[in-house]
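Under the numbering used here, the first residue of the sequence shown carries the number 1112, and numbering increases by one thereafter.
Take a look at the structure set out below.
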Amino acid sequence: MVTPEFRQIRGNVTSASKYSVIIGRKKYLDFSGAAMAVGYNFIHARDILPPISYLVYHNRYTERLISKLKEMSSFKNVAFSTSGTEACDAALEMNYGNALASFEGSYHGLDFITNAVSNGEGIDFHNRIVHLKFPNSRMDDSTAISINEKILKKASRHFSLERGAIIVELIQSDGGMNVMSSNFADALKDWLNEYSMRLIVDEVYTALGRSGELFLSKKYRFKADYICLGKALGAGLPLGAVLSNKEYPLFRNNLISMQAATMFTAAVALKVLGKVTEERISYVRRMGKYILDALSEIRNNRILEVRGKGFMIGVELVNHSGVPDPKYALYVREKAARKGVVCTLTGPSNNVLKITPPITIPEGMLEKGISIISDVLREKD
């Protein structure tokens, strides 16, 4: 199981600005992902509404949110949850009883089914769950594809994969910011066709601009059966969603749970979606390239690879022998924090510095944060 490092910053939070957290007199620019897509202080007193459940009462905010997500995604149905985990669990639940497949290094949540499919290895014959390989810095596409073809063939001899589902992150966050290549995406499409399986795309992290796309699955030309949303949609409030073209009897009034997409959270989500414009997405693409270029130019033999898309960037750190080095990664993370920029560590060895700023961050502030991270990475250890 991949367990990201979330060592807390010392001291108690005293306040926050839009993109920074303030502890005492110290201000920390938040590139950890905790500031979601739109930063802190996004919700104002005038935005606060009663959290009335759409399960019982109609309200124009939730209804507008349903229409807006259908329009943006081209999916026919929307069902709201209180988190990305719950959204993934619901999508998997739609296929419960059939075979399921996911990828090593993935993280879809800690609920019953999401926990079972996340981060396993090989074939779970008892539960009919297949864990496939995902390419990374130490396993190229062709190797992963070859291994996966053998795993799927072996699994299909023991139980039917037909009408089952594959759940995937197109950029593995907890797995180490691993980006799926177009070559591997084509192989995944072939497996879906060959074994007649459905596709669930976990876009909790990648959707709504973070990856430089509104929906990254569309960039890859996947015909997803379900797309799962979370984090970014609610600006930190408990909200997620499953987009699909199929009806499912578990949902009532477009809800998975009573407190999903209340009048209040739906109103906030509409405000969030108003920020995810074509201009903003273009900005994320442009500045994402700037981040990749700036970090790739650093001469440090402890950097194995800089990778990512949009505002989902990973810097993989190793020792002088090329072995994953979580101690050095933690040093970099803590040194950057002391200088005022907070990131997190991901990857199986917690040796990948994850940089995920809000998509609305101003250019100058973003450049300042990347400059601080770059200075730390240039230091001789």
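For every residue, glycine included, the Cβ atom is placed at its ideal position computed from N, Cα and C.
Through-space distance from residue j to residue i, alpha-carbon basis
i	j	result
T1471	Y1401	16 Å
F1223	C1199	11 Å
G1220	V1228	9 Å
M1205	G1122	44 Å
D1249	H1431	Correcting the residue identity first, residue 1249 is Arg in this sequence and not Asp. Using only the alpha carbons, I get a separation of about 16 Å.
I1576	I1424	Residue 1576 falls outside the range modelled here, since the chain spans only 1112 to 1492, and no answer is possible.
T1254	E1260	10 Å
F1153	D1297	39 Å
A1352	A1127	28 Å
R1349	N1188	Note on identity: in this sequence residue 1349 is Pro, with Arg being the wrong assignment. Going by the C-alpha atoms only, they are around 20 Å apart.
C1454	L1403	16 Å
A1545	E1474	The requested residue 1545 is not part of the displayed model; the chain covers only 1112 to 1492.
I1234	E1324	33 Å
L1477	V1487	16 Å
F1186	I1338	9 Å
T1388	H1269	47 Å
L1299	V1312	12 Å
P1484	I1414	It is Ile, not Pro, that sits at residue 1484 in the sequence shown. Between I1484 and I1414, the C-alpha separation is close to 13 Å.
A1380	G1451	29 Å
K1138	G1480	12 Å
N1411	T1225	38 Å
L1319	P1435	32 Å
R1444	L1464	7 Å
The beta strand (DSSP E) enclosing residue i, as first and last residue numbers
i	result
S1192	N1188 to S1192
H1242	I1240 to L1243
V1379	Per DSSP, V1379 belongs to no beta strand (DSSP E); it is in the alpha helix (DSSP H), M1374 to K1386.
R1418	I1414 to K1420
M1398	Taken as a continuous stretch (DSSP letters only), M1398 belongs to no beta strand (DSSP E), being part of the alpha helix (DSSP H) at E1389 to S1407.
M1423	M1423 to L1428
S1355	G1351 to S1355
Same chain, Cβ closer than 7 Å to residue i, five either side skipped, listed in chain order
i	result
P1161	M1374 and F1375
P1469	Y1130, A1146, M1147, A1148, V1149 and G1150
T1495	Examination of residue 1495 is not possible in this model, given that the chain is present from 1112 through 1492 alone.
L1567	There is no way to answer for residue 1567, as the model of the chain reaches only from 1112 to 1492.
Y1306	L1263, S1267, L1272 and E1273
L1180	V1189, A1352 and L1354
D1141	Y1130, S1131, V1132 and V1453
Neighbourhood of residue i by C-beta distance below 6 Å, restricted to the same chain and skipping five residues each side
i	result
D1285	V1113, P1115, Y1218 and T1457
D1336	R1309 and L1310
P1437	S1460, N1461 and N1462
T1173	Y1165, A1372 and A1377
K1382	none
F1295	P1246 and D1252
E1280	S1217 and D1313
Spatially closest choice to residue i from the options, by CA coordinates
i	options	result
V1290	V1379, S1368, K1420 and E1260	K1420
I1392	K1265, S1322, S1485 and P1473	S1322
I1278	A1343, H1237 and A1201	A1201
L1303	A1212, F1142 and I1484	A1212
H1155	A1346, K1450 and M1369	A1346
G1399	R1410, V1383 and V1417	V1417
I1409	R1449, E1427 and K1382	E1427
K1329	K1179, A1380, M1183 and D1141	M1183
A1343	I1414, K1334 and F1326	F1326
G1144	V1315, S1407 and R1397	V1315
S1194	N1412, R1444, P1435 and S1368	S1368
Chain B contact for residue i (CB, 8 Å cutoff)
i	result
I1367	Looking for chain B here will not work: only one protein chain is present.
Alpha helix (DSSP H) segment containing residue i, residue limits
i	result
F1223	F1223 to V1228
F1295	S1293 to E1305
E1280	Here E1280 belongs to no alpha helix (DSSP H), and DSSP marks it neither H nor E.
I1311	From DSSP, I1311 is part of no alpha helix (DSSP H) but of the beta strand (DSSP E) over R1309 to D1313.
Y1172	R1171 to S1184
E1232	Careful: E1232 lies outside any alpha helix (DSSP H) and carries neither H nor E.
D1336	Counting along the chain, D1336 falls outside any alpha helix (DSSP H), and DSSP gives it neither H nor E.
Local Cβ density within 10 Å of residue i, reported as buried at 16 or more and exposed below that
i	result
S1288	Residue identity differs from the one stated: residue 1288 is Met in this sequence, not Ser. Flag for M1288 reads buried.
I1256	buried
A1371	buried
T1317	buried
G1341	buried
N1170	buried
E1390	exposed
E1197	buried
T1467	buried
I1258	exposed
G1433	exposed
Y1394	buried
G1385	exposed
H1526	Shown here, the chain extends from 1112 to 1492; a query on residue 1526 therefore has no answer.
Close beta carbons around residue i, own chain, < 8 Å, minus the five adjacent residues each side
i	result
E1490	K1446
R1363	L1166
S1293	Y1331
G1275	N1206, N1209, A1210, L1211, A1212, R1239, Y1306, M1308 and R1309
I1159	F1375
R1441	It is worth fixing the name first, because residue 1441 is Leu in this sequence and not Arg. Closer than 8 Å at the Cβ level, and outside the excluded window around L1441, lie E1116, R1118, L1456 and N1461.
N1356	F1186, K1187, N1188 and D1336
G1231	S1213, E1215, I1240 and H1242
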